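Mapped onto the working numbering, the consecutive letters of the sequence shown carry residue numbers -10 to 411.
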Amino acid sequence: MTKHQVVVIGGGTGGIMIAAQLLKKDPTINLAIIEPSEKHHYQPAYSLVGAGAYSLVDTIQDEVKYIPKDAVWIKEYAQEIIPSDNKVVLASNEEIEYEYLVVAPGLVDNLSLVEGLEEALKKDNVCSNYIDSEKTWKAVQAFEGGNALFTQPTTPLKCPGAPQKAMYMSSDYWINRKKIGDKTNSIFATNGSIIFGIKEFRPALENALKEYDITQYYFHNLVKIDSENQLVYYEVSKTDGAIVNDKNNRAKREVVSDAPPTVTISYDFLHLAPPQQAPDVVRNSPLVYTEGPNKDWMNVDKHSMQSPLFFNVFGIGDCIAIPTARTGAAIRKQVPVVVDNILSLMKKGEIGNMSYTGYSSCPLVLGYGKMLLAEFKYDGIRDSDPLLNTFVDTTKAGWLMWMLKKTGLPYLYWNMMLKGRM
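Here is the structure:
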């Protein structure tokens, strides 16, 4: 059995940042990262790849470039977490012992949660930026008119604004570049009740919905895809306020059952976000909620990121259940809290005083050359950077924010965040 002071499960954004910042503060720490992948992916650019505005090859780097030089890289999957024994079991059945554990494996897609989804994705006109953003761009270019349906599942999502970004970018392309706006019905169907939860950013999104003449269906829970007949089935949880801007039922929405209320929407183009869940290594561990809306997601204190059951275990990123959006920006603010807590435990036997506020952000691309930066924290409170706001109104879409998305944020990610510099 091998033993390390700190073991990090996952070599994505959170795992690499934790390792980099811990070792920058104390290079003597014996730290191991469990990560099987040889490649590291910059996922926030996928929405631009799906619109032909970014190259997929520029989103991929060799993982070895970002493993801190003082870290041990274990190129395997973590198969089991046994926190009562301070152990992680690898896929090879080797056991790794730890003093402190950081759980950061992200999340995974589970296509089986929606009937017909896996089969539908084999069709050329069904795509997802989460799965294959280059295919999305091909499907967008091939679309010649009809119903363009953008939808999402009932499960939690990483970057929950991503389905909207695909919709705005695609609609802009069809209307202003391909000039087929008169033949296009863009449709957004979601289980949510409003277009965006933070009120200060809602007007800009509502303007985009009007500009692109997008039909909206709220309280629509995705249950099935019939790709042979190009129909998507939804259970409708509430009828009041469920339909917005559907002129003469142009989306061809049909009621097929009253118990439960179920409708179909036809499509000629379908973009979706796949159902997502925590990886099995998390789901099958004692670290998760066992009931309620957060069932099978990791249970952590929303301010300290510490497990309430095991004092030496922390979680960050997409696998944890806290009331904020799963984004890289959220991870950037969670990491220093976990680093401070681990160092404090090592030195004082208790966690530190830093507290995560729930900060997250969503760079909402509303078309080519147009982006607004929605920053917020717990309870849906706007949390925009005051310095940035002296230069630009982040509640309005603009070209400067677009350039931040295309060039500024990728540079900061590869050269600052993953290097432990921010």
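Even for Gly, the Cβ is constructed at its ideal location relative to N, Cα and C. Since the model is a prediction, treat every value here as computed from it, not as a measurement.
Open item on the list: Beta-carbon within less than 6 Å of residue 182's beta-carbon, same chain only, minus the 5 sequence neighbours each way: which residues are those?
Closed with: Its chain contains 207 as the residues whose beta carbon lies nearer than 6 Å to that of residue 182, once the 5 sequence neighbours on both sides are disregarded; these appear in chain order.
Open item on the list: Which complete alpha helix (DSSP H) runs does the region 104 to 177 hold, if anything under 4 residues is left out?
Closed with: The DSSP assignment places complete alpha helix (DSSP H) segments of no fewer than 4 residues inside the region 104 to 177 at 106 to 109, 122 to 131 and 151 to 161, in order along the chain.
Task: Chain-order list of residues whose beta-carbon lies under 7 Å from that of residue 115 (same chain, five-residue window excluded) - done: Listed in chain order, the non-local C-beta contacts of residue 115 below 7 Å within the same chain comprise 109, 216 and 259, local neighbours out to five positions each way being set aside.
Open item on the list: Report the CB separation of residue 70 from residue 274 in whole angstroms; it is logged as a contact under 8 Å.
Closed with: Right, the Cβ-Cβ distance comes to about 4 Å (below 8 Å), so this counts as a contact.
Open item on the list: Do residue 175 and residue 203 have their beta-carbon atoms positioned less than 7 Å apart in this structure?
Closed with: Taking a C-beta distance under 7 Å as the contact criterion, residue 203 and residue 175 qualify as a contact pair.
- [ ] Consider the C-beta atom of residue 5 and the heavy atoms of the ligand MN; say whether any pair is separated by less than 6 Å.
- [x] What this structure holds is no ligand at all, so the ligand MN is not there to describe.
Open item on the list: Quick test of your reading: residue -8 and residue 86, contact by CB under 8 Å. State the CB separation rounded to the nearest angstrom.
Closed with: Confirmed, Cβ separation roughly 4 Å.
Open item on the list: Can you confirm whether the region 98 to 105 touches the region -2 to 12 when touching is taken to mean that 3 or more C-beta pairs between the two stretches lie within less than 8 Å?
Closed with: Short answer: they don't touch.
Open item on the list: Along the chain, where does the alpha helix (DSSP H) containing residue 392 start, and where does it finish?
Closed with: Residue range 388 to 392 is occupied by the alpha helix (DSSP H) that includes residue 392.
- [ ] Check residue 408 in the structure and name its three-state DSSP category.
- [x] Residue state, collapsed to three classes: coil.
Task: Helix, strand or coil at residue 46 [DSSP, three-state] - done: DSSP places residue 46 in helix when its eight states are reduced to three.
Task: As assigned by DSSP and simplified to three states, the class of residue 7 - done: Three-state result, residue 7: helix.
Task: Complete alpha helix (DSSP H) runs within the region 178 to 233 (minimum length 4 residues, chain order) - done: If we require 4 residues or more, the alpha helix (DSSP H) runs fully inside the region 178 to 233 come out as 191 to 200.
Task: Residues near residue 239 by beta carbon distance below 6 Å, same chain, minus five either side - done: Cβ neighbours of residue 239 within its own chain (closer than 6 Å, five residues either side excluded): 174.
Open item on the list: Taking the beta carbon of residue 370 as the centre, do at least 16 other beta carbons fall within 10 Å, making it buried, or is it exposed?
Closed with: Sixteen is the threshold: since fewer than 16 other Cβ atoms of the shown chains lie within 10 Å of the Cβ of residue 370, the residue is exposed.
Open item on the list: Closest to residue 146 by C-alpha separation, out of 137, 106 and 95, would be which residue?
Closed with: Among 137, 106 and 95, the Cα nearest to that of residue 146 belongs to 95.
Task: Boundaries of the alpha helix (DSSP H) in which residue 325 is found, first to last residue - done: 317 to 337 is the span of the alpha helix (DSSP H), which, as asked, contains residue 325.
TODO: Note down, one range per segment and in chain order, each alpha helix (DSSP H) of at least 4 residues found wholly within the region 61 to 96.
DONE: Within the region 61 to 96, no run of alpha helix (DSSP H) reaches 4 residues while sitting entirely inside it.
- [ ] Please go through the same chain and pick out, in chain order, the residues whose beta-carbon is closer than 6 Å to the beta-carbon of residue 16, but skip the five residues on each side of it.
- [x] Result list for residue 16: 59, in chain order.
Open item on the list: According to DSSP, is residue 14 part of a helix, a strand, or is it coil?
Closed with: Judged by DSSP in its simplified three-state form, residue 14 adopts helix.
Open item on the list: Within 10 Å of its beta-carbon, does residue 307 have 16 or more other beta-carbons around it, so buried, or fewer, so exposed?
Closed with: Of the residues assessed, residue 307 falls on the buried side of the cut-off, its CB having 16 or more other CB atoms within 10 angstroms.
Task: Rounded C-alpha distance that separates residue 201 from residue 149 - done: Cα to Cα, residue 201 sits roughly 20 Å from residue 149.
Open item on the list: If I follow the unbroken alpha helix (DSSP H) through residue 271, where does it start and stop?
Closed with: Under the DSSP assignment, residue 271 falls in the alpha helix (DSSP H) whose first and last residues are 269 to 272.
Open item on the list: Under DSSP, the alpha helix (DSSP H) around residue 37 begins and ends at which residues?
Closed with: Counting along the chain, the unbroken alpha helix (DSSP H) around residue 37 starts and ends at 35 to 38.
Task: DSSP bridge partner residues for residue 351 (one or two, in chain order) - done: For residue 351, the pairing in a beta bridge is given by DSSP as 363.
Task: residue 222 versus residue 333 - alpha carbon distance - done: Roughly 51 Å between the two C-alpha positions.
Task: Under 7 Å between C-beta atoms of residue 3 and residue 320 - done: Closer than 7 Å, so yes.
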